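One structure below.
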Amino acid sequence: MNNTILELIKNSVLLSDGAMGTMLQQNGLPSGHCPEEWNVSHSDIISKIHRAYYNAGADLVETNTFGGNRYRLDFQGFSDMVYEFNYQGARIARETCPKQKFVAGSVGPTGEFLEPVGNRTFEEMTDVFKEQIEALLSGGIDLVIVETMSDLQEARAAISAAKSLKKDLPVISTMTFEKTTNGFHTMMGVTVKQMITELPAAGADLIGANCGLGMEEMHDVVAEIRAETKFPLLSQANAGTPVWDGSKNVYSETPAQRAAAVKKLLTLQPQIIGGCCGTTPEHIAAVREIIDNYMRGN
9 MNNTILELIK NSVLLSDGAM GTMLQQNGLP SGHCPEEWNV SHSDIISKIH
59 RAYYNAGADL VETNTFGGNR YRLDFQGFSD MVYEFNYQGA RIARETCPKQ
109 KFVAGSVGPT GEFLEPVGNR TFEEMTDVFK EQIEALLSGG IDLVIVETMS
159 DLQEARAAIS AAKSLKKDLP VISTMTFEKT TNGFHTMMGV TVKQMITELP
209 AAGADLIGAN CGLGMEEMHD VVAEIRAETK FPLLSQANAG TPVWDGSKNV
259 YSETPAQRAA AVKKLLTLQP QIIGGCCGTT PEHIAAVREI IDNYMRGN
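Note that the working numbering gives residue 46 to position 38 of the sequence shown, counting from 1, and the numbers run on in steps of one.
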């Protein structure tokens with residue numbers, strides 16, 4: 009790769025992919041089944057999803073490894089498959105990736121709590137993330153995205169794990185915020201201002217918000233971040249507020265609605281824009297057009 013992602017974002021707005029879980033459900037993933045297991049048993053479907061996002065114009069896709077850490081896989085009976093699921097997840101994305109595009113290793117929360125809330129130490133949590141990220145690196149990722157975090161200490165452990173394995177590995181770290189009468193904060197009470205201070209200090213190269221919010225509220229979060237810092241920023245909103253149809257969440261936002269909202273979001277100068285739950289290749293294709301027009305000055 010001639011240009012690293014950190015070099016490209018200095019002069020460009022990049023586009024990441026949309027939801028993996030939504031696409032897996034559309035392709036038959038049973039409710040409650042381990043998504044990462046499909047990296048082994050249904051690699052053709054995972055490859056098809058990545059290819060659809062690249063074809064839609066995504067500059068980077070995330071591996072199907074969001075829950076690929078030992079704690080979460082142990083809960084689903086796959087604790088002995090940490091390396092295999094993550095390695096294969098990275099390998100599939102790498103083999104699908106066109107030239108001059110990127111593969112981001114997805115690293116989500118463990119579902120465990122650090123002391124004093126829980127009984128996991130910072131060192132234990134770091135080791136669990138290191139095990140996952142080492143496998144992702146073996147599979148060929150270009151960067152890591154530590155995503156959907158609600159606890160600063162857990163995010164710090166994941167960032168530390170990534171940087172300890174490869175000092176110059178680009179790391180994006182995002183948190184999931186909810187809107188309350190006291191403003192935006194995560195489930196664990198982390199404020200936007202705390203995130204802005206702590207994640208870069210921990211070693212993150214980009215920070216941001218993902219999941220939990222539709223585009224309207226995500227705009228407000230990004231605006232709050234931008235008011236405090238010029239640090240590189242990623243935004244991945246859900247496709248609106250989900251409605252349960254009896255078997256799954258259904259998201260109502262259309263690709264055209266996403267495109268219109270991205271026009272407004274671009275005024276806040278994020279470096280990477282993508283989608284989370286409910287977003288599809290069609291949403292990403294619509295955003296690609298908006299970003300291209302923006303970069304041309306239209």
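The beta-carbon is built from N, C-alpha and C at its ideal position, and this holds for glycine as well. Treat the numbers as computed from the prediction; the structure is a model and nothing was measured.
Could you have a look at residue i and say whether DSSP puts it in helix, strand or coil?
i: Gly116; result: coil
i: Val69; result: strand
i: Arg78; result: helix
i: Phe93; result: helix
i: Met9; result: Confidence at Met9 is low in this model, with a pLDDT of 38, below 50, so the placement of that residue is unreliable and no value is reported for it.
i: Glu186; result: strand
i: Asn306; result: coil
i: Met28; result: coil
i: His291; result: helix
i: Val237; result: Note on identity: in this sequence residue 237 is Thr, with Val being the wrong assignment. Here Thr237 sits in coil by DSSP.
i: His58; result: helix
i: Phe86; result: coil
i: Gln277; result: coil
Just to confirm before moving on: does the CB-CB distance between residue i and residue j stay below 9 Å?
i: Ile140; j: Asn72; result: According to the sequence shown, residue 140 is Gln rather than Ile. No; because the gap between Cβ atoms is not below 9 Å, this pair is not in contact.
i: Ile299; j: Gly26; result: no
i: Leu177; j: Ile215; result: no
i: Ala210; j: Arg164; result: yes
i: Thr182; j: Thr156; result: yes
With a cut-off of 8 Å on the beta carbons, I'd call residue i and residue j a contact; round off their distance for me.
i: Met203; j: Arg266; result: Actually they are not in contact, since the Cβ atoms of Met203 and Arg266 sit about 24 Å apart, beyond 8 Å.
i: Ala212; j: Leu144; result: Actually they are not in contact, since the Cβ atoms of Ala212 and Leu144 sit about 17 Å apart, beyond 8 Å.
i: Leu221; j: Glu162; result: Not confirmed; about 20 Å, so no contact.
i: Gln84; j: Val48; result: No, Gln84 and Val48 are not in contact; Cβ-Cβ is about 13 Å, not under 8 Å.
i: Glu236; j: Phe192; result: Going by Cβ atoms, the distance from Glu236 to Phe192 rounds to 12 Å, so no, they are not a contact pair.
i: Phe74; j: Ser114; result: 5 Å
Could you tell me whether the Cβ of residue i comes closer than 9 Å to any Cβ of chain D?
i: Lys272; result: Of the protein chains in this structure there is only one, and it is not chain D.
Closer than 6 Å by C-beta to residue i: which residues in its own chain qualify, once you throw out the five before and the five after it? Chain order, please.
i: Met9; result: Caution is warranted here: a pLDDT of 38 is assigned to Met9, below 50, making its placement in the model unreliable, and the coordinate value is therefore given only provisionally. Cβ neighbours of Met9 beyond the five flanking positions: none.
i: Ala170; result: Ile141, Val152, Leu177, Val179
I'd like the list of long-range same chain contacts for residue i, defined as Cβ closer than 7 Å, with 5 residues on each side in sequence excluded.
i: Ala270; result: Residue 270 is actually Val in this sequence, not Ala. Closer than 7 Å at the Cβ level, and outside the excluded window around Val270, lie Ile281, Val295, Ile298.
How about the stretch 97-112 and the stretch 61-81: do they share at least three Cβ pairs that are nearer than 8 Å? yes
On the three-pair Cβ rule with 8 Å, is the stretch 186-198 touching the stretch 225-235? yes
For the pair the stretch 278-286 and the stretch 235-251, tell me if three or more CB-CB distances fall below 8 Å. yes
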